[in-house]
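Numbering (mature numbering (1 follows the signal peptide of the UniProt record, and there is no 0)), first residue to last: -25 to -1, 1 to 395.
The structure appears right after this line, and notes come after that.
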Amino acid sequence: MAMEPLPKLSSLTVLLLSLIPLSSGAFAGGVRVELTHVHATAGDSEAKLIQRAVASSRHRLSTFVDRAPLHAGETEYIVDIAIGTPALAFSALVDTGSDLMWTQCKPCSNCYWQSSPVFDPSKSSTFGSIACNSTLCTALDQHSCNASCHYSYMYTDHSYTEGVLATETFTIGSTSVPSLAFGCGNSNNGVAFTQAAGFVGLGRGKLSLISQMGLTEFSYCLTPLGSRKKSSLLIGSLPNPNATAHPVMSTPIVRNKSWPSFYYITLNGITVGGTVVDIPSSTFAINRDGSGGMIIDSGTALTYLEYSAYDKVADAFMAQIKNMNTTDQSVFDLDLCYELPPKSTPDTLNLPKLIFHFQGADLELPPGNYFGVDSDTSSICLMMAESSGLSVFGNFMQQNMQVMYDLGNDVLSLYSAECG
């Protein structure tokens, strides 16, 4: 299907739009929005939720370690926003591990079903095109030029979005933000997308919402897997850490020139129970070729450790959990599962403590943040797995924590909280 002509702007206007940073004043004081887990309304059992978390995490990890011009198609949380003038509401997947904002657009040559109407740029008075020579166009991994900037964004599970890179007004919470660059997708396909009508990237790349607005602060508080409560995302501000009685732990956010979109943190070691696991300090270091290191990610459920470290951590748990029987872990595709005694939870059992020794911060996690529960089979499973080339601090370990990104000072802070 031939594409309809885009609303015209002068080439000078288009170039200026792509070069002038957006003011963060629109988010002065911060904008808080609710996040919904992608499977919150599916009515899935605990076993199904764990299985889906494991499967999506493995897909997502393959994106990170393949190091190809592909992106993570599966993520975990959805936000309701609006686009255009007049504003059209839609749901978007939120992802700290990617940058591009996009939604399906008319004319649609190949689009998947979405619950809200597909955005029609011809009916918006604030839609604008982006020049091919703009810094935003060249920030794309794959782009082409035909009067305007065309993009192609591919994902490891063979999902994709293709269309025109354009500008539009977005409404986030009750705040409208003009001239945000986004992908106006005329051809989109993928199982991972069916929960929402697009993506909102919160990474550090030029095309993310955070970067385009010049924001230096955002935070989120994720409810536990299976909870009916909403999680929250605060953009443009941070909660007051003095308002909590819980200790606030802070660690530097590290930049990796090879992968500038990710939020890297330095993990120096791990303690299981009373044992400091024998892991060389270089295990989680960023290598000269950009591989290695650890990222914190909102879209990956499991926590992944470099295989040599993971094996030692798993061995430490097995050596210290002696009063519980192991169960068939193949149901969940995880390595370490135990029988759950009646009327028990991970937090009420005498399980070995787990401490992640980040640079400047020792984060002791409650057992419910590293053991997942399936009541139907009376099992608990360690929500960790091995990787090669990259470690990931996943969202299961981040549940019921206030996670704060201070990008102006490159600091990540965390403290315990009742989210939702």
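Don't be surprised by glycine CBs; every beta carbon is placed ideally from N, CA and C.
Who pairs with residue i in a beta bridge, going by DSSP?
i           : result
Tyr239      : Val229 and Ile270
Gly72       : In DSSP, Gly72 forms no bridge with anything.
Leu209      : Arg7 and Ser194
Met129      : Tyr135
Val152      : Phe145
Asp116      : The partner list for Asp116 (beta bridge, DSSP) is empty, contrary to what the question assumes.
Cys159      : Thr78 and Val139
Gly244      : His332
residue 396 : Since the first and last residues shown for the chain are -25 and 395, residue 396 lies out of range.
Val93       : Answer is none; Val93 lacks a bridge partner.
Asp322      : Asp322 is not bridged to any residue.
Gly176      : Asp70
Asn85       : Ser162
Asp337      : His332
Asp349      : Ser354
Which of the three DSSP states is assigned to residue i in this structure?
i           : result
Pro(-5)     : Residue placement at Pro(-5) is flagged as unreliable, the pLDDT there being 43, under the threshold of 50; a coordinate-derived value is accordingly withheld.
Ser388      : strand
Gln79       : strand
Ala28       : helix
Leu382      : coil
Pro327      : coil
Thr169      : coil
Val223      : coil
Asp308      : coil
Lys55       : The displayed chain sequence assigns Asp, not Lys, to residue 55. DSSP places Asp55 in strand when its eight states are reduced to three.
Asp279      : Reading off the sequence, residue 279 comes out as Tyr, not Asp. Strand, per DSSP.
residue 465 : Because the chain is modelled from -25 through 395, residue 465 falls outside the range shown and cannot be assessed.
Gly343      : helix
Thr250      : strand
Leu357      : strand
Ser257      : helix
Thr301      : strand
Ser66       : strand
residue 401 : Outside the displayed span of the chain (-25 to 395) sits residue 401, for which this structure offers no information.
Ser186      : helix
Leu315      : coil
Leu365      : coil
How many whole angstroms separate the CB atoms of residue i and residue j, which I take to be in contact at a CB cut-off of 8 Å?
i           : j      : result
Leu329      : Val247 : 6 Å
Val8        : Val54  : 5 Å
Glu21       : Val348 : 6 Å
Thr144      : Thr101 : 4 Å
Ser225      : Cys394 : Not confirmed; about 19 Å, so no contact.
Thr241      : Gln334 : 4 Å
Asn85       : Ser162 : 4 Å
Tyr52       : Val13  : 7 Å
Val69       : Leu309 : No, Val69 and Leu309 are not in contact; Cβ-Cβ is about 25 Å, not under 8 Å.
residue 397 : Met269 : Missing from the structure shown is residue 397; the chain here goes from -25 to 395 and no further.
Tyr87       : Thr219 : With a Cβ gap of about 41 Å, Tyr87 and Thr219 do not count as contacting.
Ile228      : Asp385 : 4 Å
Lys232      : Ile254 : The Cβ separation is near 25 Å, so there is no contact.
Ser194      : Pro214 : 6 Å
Under the rule that 16 or more other beta-carbon atoms within 10 Å means buried, what is residue i, buried or exposed?
i        : result
Ala172   : buried
Arg263   : exposed
Asn298   : exposed
Ser31    : buried
Pro96    : buried
Val166   : exposed
Cys124   : buried
Cys120   : exposed
Leu(-14) : A caution first: Leu(-14) carries a pLDDT of 32, below 50, which makes its placement in the model unreliable, though a value can still be read off. With fewer than 16 Cβ atoms within 10 Å of its Cβ, Leu(-14) is classed as exposed.
Arg203   : exposed
Arg230   : exposed
Thr301   : exposed
Ser66    : buried
Gly383   : exposed
Pro316   : exposed
Ser134   : buried
Glu314   : exposed
Glu339   : exposed
Gly249   : exposed
Gln377   : buried
Thr323   : exposed
Asn325   : exposed
Pro61    : exposed
Thr11    : buried
Hey, is residue i close to the ligand HEM, as in C-beta under 7 Å from one of its heavy atoms?
i     : result
Cys83 : With respect to small molecules bound, the structure shown includes none, and the ligand HEM cannot be examined in it.
Could you tell me whether the segment 339 to 359 touches the segment 268 to 280, using the rule of 3 or more Cβ pairs below 8 Å?
With the rule of 3 Cβ pairs closer than 8 Å, the segment 339 to 359 counts as touching the segment 268 to 280.
Taking one C-beta from the segment 183 to 198 and one from the segment 96 to 109 each time, how about it: are there three or more such pairs within less than 8 Å?
Verdict: no, contact absent.
So does the segment 148 to 165 actually touch the segment 71 to 80, counting three or more Cβ pairs closer than 8 Å?
Result yes; three or more Cβ-Cβ pairs closer than 8 Å.
Assess, as a yes-or-no matter, whether the segment 367 to 380 is touched by the segment 266 to 273 under the definition of 3 or more beta carbon pairs within less than 8 Å.
Yes, the segment 266 to 273 touches the segment 367 to 380.
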